[in-house]
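In the numbering used here, the protein residues as written are 13 to 167.
These notes are about the structure you will find just below.
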Amino acid sequence: MKDRANWLVVAQFVLLAVLAVLPFVVPLAPLWAGQQSTVLAVLLIITGLVLAGAGAAALGRDLVVQVTPREGAVLRTTGVYRLTRNPIYVGLLIAAAGWVVWFARVDLIVAWVLLAVVLIAKARVEERRLVARFGDDYREYAARTPLMLWRRGIR
13 MKDRANWLVV AQFVLLAVLA VLPFVVPLAP LWAGQQSTVL AVLLIITGLV
63 LAGAGAAALG RDLVVQVTPR EGAVLRTTGV YRLTRNPIYV GLLIAAAGWV
113 VWFARVDLIV AWVLLAVVLI AKARVEERRL VARFGDDYRE YAARTPLMLW
163 RRGIR
């Protein structure tokens with residue numbers, strides 16, 4: 013792998029696979045159960061998938077899996093990108109949180125926390141690359157739009 017930061021991409025997909033598969037291959041008793049948690053889980057999963065899907069659709073052909081923006085990509089600052097600079101990551105975390113609530117397992121909570129760490133690290137790497145690519149336009153965008161759901165500006 014030429015770009016070492018792309019290991020974050022690998023970690024992201026491994027953790028998403030772990031979250032998806034673990035409940036079906038390792039039987040564990042749930043920490044909680046009930047209709048309310050099921051409803052919450054479904055709402056989180058749907059909300060997260062819609063947000064991530066809207067982010068991906070807004071990027072269109074500029075959507076890439078690596079941490080470096082595609083050559084010729086334009087900076088997106090409207091639509092869902094007005095709410096957060098990383099709607100796909102936020103959507104993945106919300107949907108994955110719904111999955112964790114649904115299955116209510118400690119191992120999935122740990123995997124979700126690790127996924128959050130990886131996605132935040134990945135967002136920060138991408139942020140530096142977007143500053144290098146778009147300069148003041150990105151800095152102005154970052155000053156008014158949170159990285160995930162918090163922290164405006166650039167560190």
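Even for Gly, the Cβ is constructed at its ideal location relative to N, Cα and C.
The structure displayed is predicted, hence computed values, not measured ones.
For this session: Report yes if the C-beta of Gly147 is less than 7 Å from at least one heavy atom of the ligand SAM; otherwise report no.
Result: This structure simply doesn't include the ligand SAM, nor any ligand for that matter.
Problem set entry | Integer-rounded CB distance, given that Leu27 should sit under 8 Å from Ala123 | The residue you call residue 123 lines up with position 111 of the sequence shown. The residue you call residue 27 lines up with position 15 of the sequence shown. In this structure Ala123 is in contact with Leu27, their Cβ atoms being roughly 6 Å apart against a cut-off of 8 Å.
Exercise. Of all the alpha helix (DSSP H) runs that stay within the bounds of the segment 117 to 151, which reach a length of 4 or more residues?
Worked result: Those alpha helix (DSSP H) runs which fall completely within the segment 117 to 151 and span 4+ residues are 118 to 146.
Problem set entry | Ala85, enclosing alpha helix (DSSP H) - first and last residue | Along the sequence shown, one-based indexing puts residue 85 at 73. Ala85 -> no alpha helix (DSSP H), and no H or E assigned at all.
Problem set entry | Bounding residues of the alpha helix (DSSP H) (the contiguous stretch that carries Trp114) | Translated into the one-based positions of the sequence shown, residue 114 becomes position 102. It spans Pro99 to Phe115 - the alpha helix (DSSP H) in which Trp114 sits, taken as one unbroken run.
Exercise. Looking at the structure shown, is Ala45 part of a helix, part of a strand, or coil, going by DSSP?
Worked result: As a working mapping, residue 45 is identified with position 33 in the sequence shown. The answer is coil: DSSP assigns Ala45 none of H, G, I, E or B.
Exercise. So, using beta-carbon positions, are Ile132 and Met160 closer together than 8 Å?
Worked result: Mapped onto the sequence shown, residue 132 falls at position 120. Mapped onto the sequence shown, residue 160 falls at position 148. For the pair Ile132 and Met160, the CB atoms are nearer than the 8 Å cut-off.
For this session: Counting only the same chain and skipping the five closest in sequence on each side, list residues whose C-beta sits under 7 Å from that of Trp44.
Result: Here residue 44 is taken as the residue at index 32 of the sequence shown, counted from 1. Only Ala116 meet the Cβ criterion.
For this session: Assign Gly50 to one of three DSSP states: helix, strand, or coil.
Result: As a position in the sequence shown, residue 50 is number 38, starting the count at 1. The residue asked about is misnamed: residue 50 is Thr in this sequence, not Gly. Of the three classes helix, strand and coil, the one that applies to Thr50 here is helix, per DSSP.
For this session: Give every residue of the same chain whose Cβ lies closer than 7 Å to the Cβ of Gln78, excluding the five residues on either side of it in the sequence, and list them in chain order.
Result: On the sequence shown, position 66 is the one that residue 78 refers to. Scanning its chain for C-beta atoms nearer than 7 Å, with the 5 sequence neighbours on each side dropped, one finds around Gln78 the residues Asp15, Asn18 and Val21, in chain order.
Exercise. Smallest Cα separation from Leu104: which of Val62, Gly46 and Leu95?
Worked result: Counted from its first residue, the sequence shown places residue 104 at position 92. Here the closest residue by C-alpha is Val62.
Exercise. On the premise that Arg141 lies in contact with Pro81, defined as a C-beta separation below 8 Å, what is that separation, rounded to the nearest angstrom?
Worked result: Stepping through the sequence shown from its first residue, residue 81 is reached at position 69. Stepping through the sequence shown from its first residue, residue 141 is reached at position 129. Pro81 to Arg141, Cβ: 6 Å. Contact.
Problem set entry | Contact check, Gly60 vs Val92, beta carbons under 8 Å | Position 48 of the sequence shown holds residue 60. Position 80 of the sequence shown holds residue 92. Against a cut-off of 8 Å, the Cβ pair of Val92 and Gly60 comes out as no contact.
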